[in-house]
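K.L.:
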Amino acid sequence: MAKKENYEDMLTKLQEILNNLETDELNLEDSMKSYEDGVKLVNKIYKILDSYESKISIIKDEKEVEFTDSYGDK
Numbered sequence: 001m002a003k004k005e006n007y008e009d010m011l012t013k014l015q016e017i018l019n020n021l022e023t024d025e026l027n028l029e030d031s032m033k034s035y036e037d038g039v040k041l042v043n044k045i046y047k048i049l050d051s052y053e054s055k056i057s058i059i060k061d062e063k064e065v066e067f068t069d070s071y072g073d074k
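Using UniProt numbering, read the sequence shown as starting at 1 and increasing by one per residue.
1. If I measure Cβ to Cβ from Leu21 and keep anything under 8 Å in the same chain, skipping five residues before and after, which residues do I get?
2. Consult DSSP for Asp61 and reduce its assignment to one of helix, strand or coil.
3. Identify, in the order they occur along the chain, each residue of the same chain with its Cβ nearer than 8 Å to the Cβ of Leu11, setting aside the five sequence neighbours on each side.
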């Protein structure tokens, strides 16, 4: 089973792709492949961040409800 990439690993790979693209040492085909890989990584990173944002929102909302319920005012 393949190891699931974590957020930090994906950011590191994205930075490597950006560095390679900025060197201008890649031919057109390799540049396009790197760009495509970078876009895929950005999409994965966005999904992770969106998921975390949703979780934080849920936790925040739950804490506000608990605070309101416990103390009767907000």
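In this text, a Cβ means the ideal position worked out from N, Cα and C, and glycines have one as well.
P.N.:
Reading off the structure:
1. Cβ neighbours of Leu21 beyond the five flanking positions: Ser31, Ser34, Tyr35, Gly38.
2. DSSP places Asp61 in helix when its eight states are reduced to three.
3. Its chain contains Ile45 as the residues whose beta carbon lies nearer than 8 Å to that of Leu11, once the 5 sequence neighbours on both sides are disregarded; these appear in chain order.
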